[in-house]
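Visitor: Just dropping this structure here.
In the numbering used here, the protein residues as written are 179 to 315.
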């Protein structure tokens, strides 16, 4: 089921800019290993769900997958072959803003090699460069 907010104050948001590095959400908190963004970008709800399904499929019934990002921002699009003007398009998808350093997913309850392979497979589903990080003990 795709992620999206239950309700928002404004349906159509402006695009905005993604500046700076992540000050919050940049350490592994819930699991032992995580996947951290090296680029800034927008990750859609479908990409988040695809990465989650990939990890669960690889891990079978062991371990936990924690999603640390949520798509709060709506992106609009006008239909194809529509003339210019006539206002802003309707919301078409929901995206999460990701800054460099953001930990997007975490895995817990599995050994290092299994977590490494699961996170590697998840990274193929994401549009930003990533690296694997572990909890500092």
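Glycine is no exception: its CB is placed at the ideal position from the N, C-alpha and C atoms. Predicted model, so just to flag it, every value in this text is computed and none were measured.
Tell me which same chain residues have a C-beta within less than 8 Å of the C-beta of residue 278, skipping the five on either side of it?
Guide: The answer, listed in chain order, is 199, 200, 215, 216, 217, 218.
Visitor: Check whether the region 224 to 231 and the region 179 to 194 are in contact - that is, three or more C-beta pairs closer than 8 Å.
Guide: Yes: at least three Cβ pairs fall under 8 Å.
Visitor: Helix, strand or coil for residue 245, going by three-state DSSP, please let me know.
Guide: strand
Visitor: Quick check on the DSSP output: the beta strand (DSSP E) that includes residue 270 runs from which residue to which?
Guide: 268 to 276
Visitor: Does the pairing of the region 183 to 192 with the region 295 to 307 give three or more beta-carbon distances under 8 Å?
Guide: no
Visitor: Give the list of continuous beta strand (DSSP E) stretches no shorter than 3 residues that lie fully inside the region 199 to 269.
Guide: For the region 199 to 269, whole beta strand (DSSP E) runs of length 3 or above, ordered along the chain, are 211 to 215, 219 to 222, 242 to 245, 251 to 255.
Visitor: Assuming residue 240 contacts residue 288 (C-beta within less than 8 Å), just tell me the rounded distance between them.
Guide: Yes, they are in contact, since the Cβ atoms of residue 240 and residue 288 sit about 6 Å apart, within 8 Å.
Visitor: Could you check which residue in 314, 282, 293 has the C-alpha nearest to that of residue 202?
Guide: Minimum Cα distance to residue 202 is reached at 282.
Visitor: For residue 295, list the residues DSSP reports as bridge partners.
Guide: According to DSSP, residue 295 bridges with nothing at all.
Visitor: DSSP on residue 182, reduced to helix/strand/coil?
Guide: coil
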